[in-house]
Amino acid sequence: MELIFEKSVAGRRGVSLPDADLPRTTELPENLLRRKAAPLPELSELDLVRHFTNLSRRNFSIDTNFYPLGSCTMKYNPRILEDVAGLFAGFHPMIAQLPGGESYTQGTLGVIHELGALLCEITGMDEVTAQPLAGAHGEMTGIMIIAAWHRARGNKKRFVIVPDSSHGTNPASASMMGYEIVTIPTAPYGDMDLDLFKKAMNSEVAAVMMTCPNTLGLFNPHVREICAIAHAHDALMYYDGANLNAIMGKARPGDMGFDIIHLNLHKTFATPHGGGGPGSGPVAVKKGLIPFLPAPRLTKSSDGNYALEPHNPLSIGRMAGFYGNFGILARAYAYIIMLGREGLIRVSEQAVVNANYLKSSLKDYYDLPYDLPCMHECVFSAARQLQQGVHALDIAKFLIDRGFHPPTIYFPLIVKEAIMIEPTETESKSTLDAFIAVMKEAAELAAKHPEALLQSPEKMPVARLDETRAAREIKVCCPLL
Ligand SMILES: *Cc1c(COP(=O)(O)O)cnc(C)c1O
0 MELIFEKSVA
10 GRRGVSLPDA
20 DLPRTTELPE
30 NLLRRKAAPL
40 PELSELDLVR
50 HFTNLSRRNF
60 SIDTNFYPLG
70 SCTMKYNPRI
80 LEDVAGLFAG
90 FHPMIAQLPG
100 GESYTQGTLG
110 VIHELGALLC
120 EITGMDEVTA
130 QPLAGAHGEM
140 TGIMIIAAWH
150 RARGNKKRFV
160 IVPDSSHGTN
170 PASASMMGYE
180 IVTIPTAPYG
190 DMDLDLFKKA
200 MNSEVAAVMM
210 TCPNTLGLFN
220 PHVREICAIA
230 HAHDALMYYD
240 GANLNAIMGK
250 ARPGDMGFDI
260 IHLNLHKTFA
270 TPHGGGGPGS
280 GPVAVKKGLI
290 PFLPAPRLTK
300 SSDGNYALEP
310 HNPLSIGRMA
320 GFYGNFGILA
330 RAYAYIIMLG
340 REGLIRVSEQ
350 AVVNANYLKS
360 SLKDYYDLPY
370 DLPCMHECVF
380 SAARQLQQGV
390 HALDIAKFLI
400 DRGFHPPTIY
410 FPLIVKEAIM
420 IEPTETESKS
430 TLDAFIAVMK
440 EAAELAAKHP
450 EALLQSPEKM
460 PVARLDETRA
470 AREIKVCCPL
480 L
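If you read the sequence shown in numbering that gives the first Met the number 0, its first letter stands for residue 0, the second for the next number, and so on.
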């Protein structure tokens, strides 16, 4: 397919702008002014629309195909929520920053405040900041809050404990904030090894970060005990709540003993995501951590008005401009109200039932390193297929030819040739059955005609890419680069 620059024809235009009726000003210094026109592609509007429409048709998306990418919750999100987000599109984020501006933004502030109250109810926490712009950003915010809490108590802490099955952003966030990471191996029962955890715990541990359920799709039955041990050492318990669609309405991290949690609104609470954005990772905390939340805090006074509180000296400061990714907050708010308590419970039940259905349908065909009832996702290994020279990657490529986006592969790192499948709550049994049939076909081919799998994908515009070379040797095709 031609690049947009290759389609450029000198002089072709997609817009027609009237001549400026204001005097030309040159406020910029002469040496900063462009001497030649920018080398942008020149296309008609129709050329442009076709270019991007055709590109998008070569893409897998949740609108076109089943997308069982483990750990990502690629689910259907009701379209009506786009309308809800659109209701706020005309709202200028600067308004509330003006003196008295809060009076014009009561509705917007109300959405954030009420969403916060709902998320507190769902997680069992006391207050929420909606500022963080992604899950990983929420983790960073959370670790900064933890560090500020320890500083205020005069605690000297060096370590953050993470299980080796944790999502990679957990140790990365803690390390970015200056902590040393202590990694606890996974026991044969699929959870952080409890004895090794107890040995690793000491008074220099600032926090224990747990992805729950973990990236094997398993929920650690010892969480209460782990929380109690951590608290006895004046360490805080951090819950990575990106996978909340596994427990929502069934169990609350706050009740289990966790002190702080981030959520991925763009996974659990509607908002199509992928390709890097957009995201929203609110952080909810227990009472003792409220003073450290990002500024400004949003409060509701007794007369029912919402206000942005001035800077609190203990606060970690601002984590995002304006209100965070407000459109995502509006979608999440509407989604929660739309589904209600019963609906959210059904989401979790359906996500877990779907994953267990896939797991039991495929366990005779693929190795299952941790054969336990799973939560919202399950992790197979292609170790058996590897004996025939077929890797998890080959199975993933085969699925593409059959119209399915591949599951996550080679993650979690603790499973050899991992195939991590998250069906989500929104897929029908017939879609799951079609996927299961193709996974079985792949397993049978791997056993009888492994060479057939090594050629896939055959129906795509390009087959196997050298992904390392693609990242290392970027072809300079855009004259702007
Ligand atoms: C997706 C995910 C994250 C990171 O969230 P981003 O929004 O991609 O930064 C963290 N932890 C878990 C368990 C996740 O699934």
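Ideal placement from N, C-alpha and C gives every residue a C-beta, glycine not left out.
Because the structure is a prediction, the values reported are computed rather than measured.
message = Suppose the cutoff is 7 Å on Cβ atoms and the five residues either side in sequence are ignored; what does the same chain contact list for G10 look like?
response = Here residue 10 corresponds to residue number 11 of the sequence shown, with the count starting at 1. Answer for G10: E41, listed in chain order.
- What do you reckon, is the C-beta of H390 under 7 Å from a heavy atom of ligand 1? On the sequence shown, position 391 is the one that residue 390 refers to. Not so, every heavy atom of ligand 1 lies at least 7 Å from the Cβ.
Going by C-alpha distance, which of L431, H166 and F325 is nearest V352? In the sequence shown, residue 352 corresponds to position 353, counting from 1. Closest by alpha carbon: L431.
Verify whether the separation of the beta carbon atoms of T140 and M318 is less than 8 Å.
By 1-based counting over the sequence shown, the position of residue 140 is 141. By 1-based counting over the sequence shown, the position of residue 318 is 319. Yes, they are a contact pair.
Whole-angstrom distance between V461 and D400, CA atom to CA atom: On the sequence shown, residue 400 is found 401 positions in, with the first residue counted as 1. On the sequence shown, residue 461 is found 462 positions in, with the first residue counted as 1. Answer to the nearest angstrom: the Cα atoms are 11 Å apart.
Problem set entry | Of the residues A231, L80 and I225, the one placed nearest S202, counting alpha carbons only | Position 203 of the sequence shown, counting from 1, holds the residue named residue 202. Of A231, L80 and I225, the residue nearest in Cα terms is A231.
- Can you tell me which of the three DSSP states P162 falls into? Here residue 162 refers to the residue found at position 163 when the sequence shown is read from its first residue. In the structure shown, P162 sits in a strand (DSSP, three-state: E or B).
Measure the Cβ-Cβ separation of A445 and V389 and say whether it is below 8 Å.
On the sequence shown, position 446 is the one that residue 445 refers to. On the sequence shown, position 390 is the one that residue 389 refers to. Yes, the pair counts as a contact, with Cβ atoms nearer than the cut-off.
Does DSSP classify M236 as helix, strand or coil? Locating residue 236 in the sequence shown gives position 237, counting from the first residue. Three-state DSSP puts M236 in a strand.
(message) Below 7 Å, is the gap between the Cβ of D239 and the nearest heavy atom of ligand 1?
(response) Locating residue 239 in the sequence shown gives position 240, counting from the first residue. It does: the Cβ of D239 is within 7 Å (strictly closer) of some heavy atom of ligand 1.
Open item on the list: For ligand 1, I want to know if N263 counts as a neighbour, meaning its beta carbon is within less than 7 Å of at least one of the ligand's heavy atoms.
Closed with: Working through the sequence shown from its first residue, we reach residue 263 at position 264. Answer for N263: yes, Cβ within range of ligand 1.
| Per DSSP, cross-strand counterpart(s) of M438 | Here residue 438 corresponds to residue number 439 of the sequence shown, with the count starting at 1. Answer is none; M438 lacks a bridge partner.
| message | Can you tell me whether L490 is buried or exposed? The criterion is at least 16 other CB atoms within 10 Å of its CB, across all chains shown. | response | Because residue 490 is not part of the residues shown, which for the chain are 0 to 480, the question remains open.
Original post:
Helix, strand or coil: which one does DSSP assign to I289?
Top reply: Numbered from its first residue, the sequence shown carries residue 289 at position 290. Looking at I289 - three-state DSSP - the assignment turns out to be helix.
| said: Please state the DSSP three-state secondary structure of Y332. | reply: Walking along the sequence shown from the start, residue 332 turns up at place 333. Y332: helix per DSSP, three-state reduction.
Checklist entry - Under 7 Å from any heavy atom of ligand 1, does the C-beta of N242 make it? => result Translated into positions along the sequence shown, residue 242 becomes position 243. Yes, since a heavy atom of ligand 1 falls inside the 7 Å radius drawn around the Cβ of N242.
message = I want to see whether chain C comes within less than 8 Å of E203, judged by CB atoms only; does it?
response = Looking for chain C here will not work: only one protein chain is present.
Taking the straight line between their C-alpha atoms, what separation do you get for L480 and F4? By one-based count along the sequence shown, residue 480 stands at place 481. By one-based count along the sequence shown, residue 4 stands at place 5. Unreliable positioning characterises L480 in this predicted model, as indicated by a pLDDT of 46, which lies under 50. The coordinate reading is nonetheless provided below. Those two C-alpha atoms are separated by around 12 Å.
Using only the alpha-carbon positions, how far apart do A19 and A37 sit?
The residue labelled residue 19 in the question sits at position 20 within the sequence shown. The residue labelled residue 37 in the question sits at position 38 within the sequence shown. Whole-angstrom Cα-Cα distance: 19 Å.
Open item on the list: If we require 4 or more residues per run, which alpha helix (DSSP H) segments fall completely within the stretch 115 to 146?
Closed with: none
*asked:* Tell me whether the stretch 173 to 186 and the stretch 194 to 211 touch, counting them as touching only if at least three CB pairs, one residue from each stretch, are closer than 8 Å.
replied: yes
task: Write down the C-beta distance between D239 and N169 rounded to the nearest angstrom, noting that I regard them as a contact closer than 8 Å.
output: The residue given as residue 239 occupies position 240 in the sequence shown. The residue given as residue 169 occupies position 170 in the sequence shown. Yes, D239 and N169 are in contact; Cβ-Cβ is about 6 Å, under 8 Å.
Any idea what DSSP makes of V346, helix, strand or coil? The residue given as residue 346 occupies position 347 in the sequence shown. Note: V346 maps to helix in three-state DSSP.
Q.
Could you tell me the alpha carbon to alpha carbon distance between T104 and M337, rounded to whole angstroms?
A. As a first step, residue 104 must be located in the sequence shown, where it is residue number 105. As a first step, residue 337 must be located in the sequence shown, where it is residue number 338. So the alpha carbons of these two residues sit roughly 23 Å apart.
Exercise. Tell me whether L480 sits in a helix, a strand or coil according to DSSP, three-state version.
Key: Counting from one through the sequence shown, the residue named residue 480 turns up at place 481. Residue confidence is low: L480 scores 46 on pLDDT, short of 50, so the model does not pin down where it sits. Its coordinate-derived value is still stated next. In the structure shown, L480 sits in coil (DSSP, three-state: anything other than H, G, I, E or B).
| Roughly how many angstroms separate the alpha carbons of H310 and K197, rounded to a whole number? | Numbered from 1 along the sequence shown, position 311 holds the residue referred to as residue 310. Numbered from 1 along the sequence shown, position 198 holds the residue referred to as residue 197. Whole-angstrom Cα-Cα distance: 39 Å.
Check your understanding: Among residues of its own chain, excluding the 5 on either side of Q130, which ones have a beta-carbon nearer than 6 Å to its beta-carbon?
Key -> Within the sequence shown, the letter at position 131 stands for residue 130. Hits under 6 Å: P293, M318, A319 and G323.
- Task: Taking only the alpha-carbon atoms, compute the straight-line gap between F379 and E416 and give it to the nearest angstrom.
- Result: Taking the first residue of the sequence shown as 1, we reach residue 379 at position 380. Taking the first residue of the sequence shown as 1, we reach residue 416 at position 417. Approximately 8 Å, taken between the alpha carbons.
- Task: With DSSP as the reference, label E5 as helix, strand or coil.
- Result: Against the sequence shown, residue 5 aligns to sequence position 6. Three-state result, E5: coil.
_Once DSSP output is grouped into helix, strand and coil, what is the label at A470?_
Position 471 of the sequence shown, counted from the start, is the residue given in the question as residue 470. Reduced to three states, the DSSP call for A470 is helix.
- request: Taking only the alpha-carbon atoms, compute the straight-line gap between P456 and V159 and give it to the nearest angstrom.
  value: Here residue 456 corresponds to residue number 457 of the sequence shown, with the count starting at 1. Here residue 159 corresponds to residue number 160 of the sequence shown, with the count starting at 1. Taking the straight line joining both Cα atoms gives about 42 Å.
Hey, how far is the Cα of L464 from the Cα of S70?
On the sequence shown, residue 464 is found 465 positions in, with the first residue counted as 1. On the sequence shown, residue 70 is found 71 positions in, with the first residue counted as 1. Cα-Cα distance, rounded: 24 Å.
Does the distance between the C-beta of S70 and the nearest non-hydrogen atom of ligand 1 fall short of 7 Å? Start at 1 with the first residue of the sequence shown, and residue 70 comes out as number 71. Indeed, a heavy atom of ligand 1 lies less than 7 Å from the Cβ.
Query - Sequence-distant residues of the same chain with beta carbon closer than 7 Å to S7, five excluded per side - result: Within the sequence shown, numbered from 1, the residue matching residue 7 stands at position 8. Closer than 7 Å at the Cβ level, and outside the excluded window around S7, lie P40, E41 and L42.
- Query: Under the DSSP definition of a beta bridge, which residues are partnered with M419?
  - Reply: Stepping through the sequence shown from its first residue, residue 419 is reached at position 420. DSSP, once it has assigned bridges, lists V378 and T407 as partnering M419.
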